[in-house]
Amino acid sequence: MSTTFRLRISTPDGLIFDDEVTSFKARMIDGDVGILANHTNYVSAVGAGEAVIHQADGQTRKAACIGGMLSVISNEAHLIATTFEWADDIDLERAMRAKERAEQRLAEAKDDAREVTLATAKLRRALVRIGVKS
Amino acid sequence: MAGASMKDIKLRIKSVQSTMQITKAMELVASSKLRKAKLRQESCRPYHEELKRALLEIEASTNDFSSVYQQRREVRKTCMIVIAGDRGLAGGYNSNIFKAVSELGSREELCILPIGKRAVEFFTRHGYEVLSSSFMEAATISVADCFSISEMLTQGYRDGQFDCVKVLYTKLVSLLSQVPDTMELLPLAAGEEKPAPAVRELVLYEPGADAVYNAIVPNYIAGMLYGAMCESVASELAARRTAMDAASKNAAEMIDDLSLRYNRARQGAITQEITEIVAGAEQ
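Residue numbers (the numbering used here), protein chains in the order written: chain A, 3 to 136; chain Y, 723 to 1005.
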């Protein structure tokens, strides 16, 4: 039985990864999930966290992966992510700035429930990016 | 006198020429941007199509499935997202959209989320109920903006702020024809095109079919919205290109006409001068 499987990653900006991998790990809405070859058919919604891909050629790549859906159907995985940024592409300074801005917004918007939700989401995104990069 | 009118005509030709330069440049800019916009529109399509397939599969695979996003309720308030441009000079692009709004129903039943400077201005001026006027720039709206809009909409829908969410955008039929179109986002059209129920594979949904479904819906809405945005932007550019092309042609025609008049005036002046000289010599 083969130990690799095909993984496709698409975002609203198009297909950004399509290759054979040996394992794939990402954060779903109910915790981290790792996928190996010959996984059972599986569908789940993606949370916010780090994604790790072990490619068939031995390379390991990390990325920030937020929102979307992961499906594994007949040994083919398809990740449809809202945001998917390779660790190399993350701008740490920008993420830091975004974090500060979000914290400030959160402090200002004490009673406004909608404002709090938006700021929390922004803060979480920034933290995920910073976590992946460092 | 003939001389003064010659000068007038020359000035007019000059001004028409510089207008033509501007319209030509705008046309070129619009067509190069249009190419990019069309590419963007095509690359985002797989995203929401894939999500839609997943939603349909979840609906089909579980019998006693129900979600707040899919139940139809009596429509008292409709949230309409209207996508228009940031600038004018795009033929009938903006006015076609606004005309389509007035055909949608009474003002009390509508709650508008305008996108684009023109749309924001139009709806605030006409006293519509506006959900948020912070999306002034349609051309540079990002995926992240679409997600915050989607978050806002799904939240409002769940809270019963409105019972139906539609988007009014401009469909790019071809480079020469763009028509306003509405698309229903919520409630999700259930049972429209179910995937073939033949031999279905069993799928494990974690943490559960309902939870996955409800988590995917906001993403799907955002994807749809982003797709509509991209298409509208492409339509705007196509409309602008056509309008500017027509304007350039018009200007060229005017210049031809004016040059003819200029030459006639010049000829007239020369003839008059000769007549005067000849008349003077005969005396």
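Just so it is clear, CB atoms sit at the ideal spot from N, CA and C, and this is done for glycine as well.
- If the five residues before and after residue 809(Y) are omitted, its C-beta is found closer than 8 Å to the C-beta atoms of 839, 840, all from its own chain and listed in chain order.
- Contact annotation: residue 892(Y) and residue 817(Y) have beta-carbon atoms that are not nearer than 8 Å.
- Counted as a single uninterrupted DSSP element, the beta strand (DSSP E) harbouring residue 16(A) occupies residues 16-30.
- Between residue 31(A) and chain Y, the shortest Cβ-Cβ separation is below 8 Å.
- The beta carbon of residue 71(A) sits closer than 8 Å to some beta carbon of chain Y.
- Between residue 898(Y) and residue 887(Y), the gap from beta carbon to beta carbon reaches 8 Å or more.
- Measuring C-alpha to C-alpha distances from residue 958(Y) to each of 780(Y), 741(Y), 819(Y) identifies 819(Y) as the nearest.
- Contact between the segment 84-97 of chain A and the segment 22-29 of chain A is absent: fewer than 3 CB-CB pairs across the two stretches fall below 8 Å.
- Using a C-beta cut-off of 8 Å, the segment 95-107 of chain A makes contact with the segment 127-135 of chain A, since at least three inter-stretch Cβ pairs fall below that distance.
- Within the segment 874-896 of chain Y, no residue has its Cβ closer than 7 Å to any Cβ of chain A.
- Taking CB atoms only, residue 801(Y) has no neighbour in chain A less than 8 Å away.
- Of the candidates 857(Y), 842(Y), 856(Y), the residue whose Cα lies closest to the Cα of residue 850(Y) is 842(Y).
- With the criterion set as a beta carbon lying under 9 Å from some beta carbon of chain A, the members of the segment 923-940 of chain Y are 923, 924, 925, 926, 927, 928, 929, 931, 933, 934, 935, 936, 937, 938, 940, in sequence order.
- DSSP places residue 962(Y) in the helix class (H, G or I) of the three-state scheme.
- Taking 7 Å as the upper bound on Cβ-Cβ separation, chain A lies near residues 765, 766, 768, 769, 772, 773, 776 of the segment 762-792 of chain Y.
- The DSSP-derived three-state label of residue 802(Y) is strand.
- Rounded to whole angstroms, the Cβ separation of residue 736(Y) and residue 984(Y) is 11 Å, and the two are not in contact under 8 Å.
- Between residue 852(Y) and chain A, the shortest Cβ-Cβ separation is not below 8 Å.
- Per the C-alpha coordinates, the member of 742(Y), 980(Y), 949(Y) positioned closest to residue 867(Y) is 949(Y).
- Apart from sequence neighbours up to five positions away, the residues of its chain that approach residue 803(Y) with a beta-carbon distance below 6 Å are 835, 889, ordered along the chain.
- It is roughly 23 Å from the alpha-carbon of residue 880(Y) to the alpha-carbon of residue 775(Y).
- Nearest in C-alpha terms to residue 749(Y), of all of 778(Y), 832(Y), 811(Y), is 811(Y).
- The Cβ of residue 869(Y) sits closer than 8 Å to at least one Cβ of chain A.
- A direct Cα-Cα distance of roughly 42 Å separates residue 37(A) from residue 895(Y).
- Here residue 893(Y) carries a strand assignment [DSSP, helix/strand/coil].
- With its beta carbon less than 8 Å from one in chain A, residue 865(Y) belongs to the interface.
- Taking a 10 Å sphere around the C-beta of residue 33(A), we find fewer than 16 other C-beta atoms and assign the residue as exposed.
- In terms of beta-carbon proximity, residue 42(A) lines the interface with chain Y, with at least one pair separated by less than 8 Å.
- As the crow flies, the alpha-carbon of residue 931(Y) is around 25 Å from that of residue 7(A).
- 8 Å or more divides the Cβ of residue 769(Y) from the Cβ of residue 908(Y).
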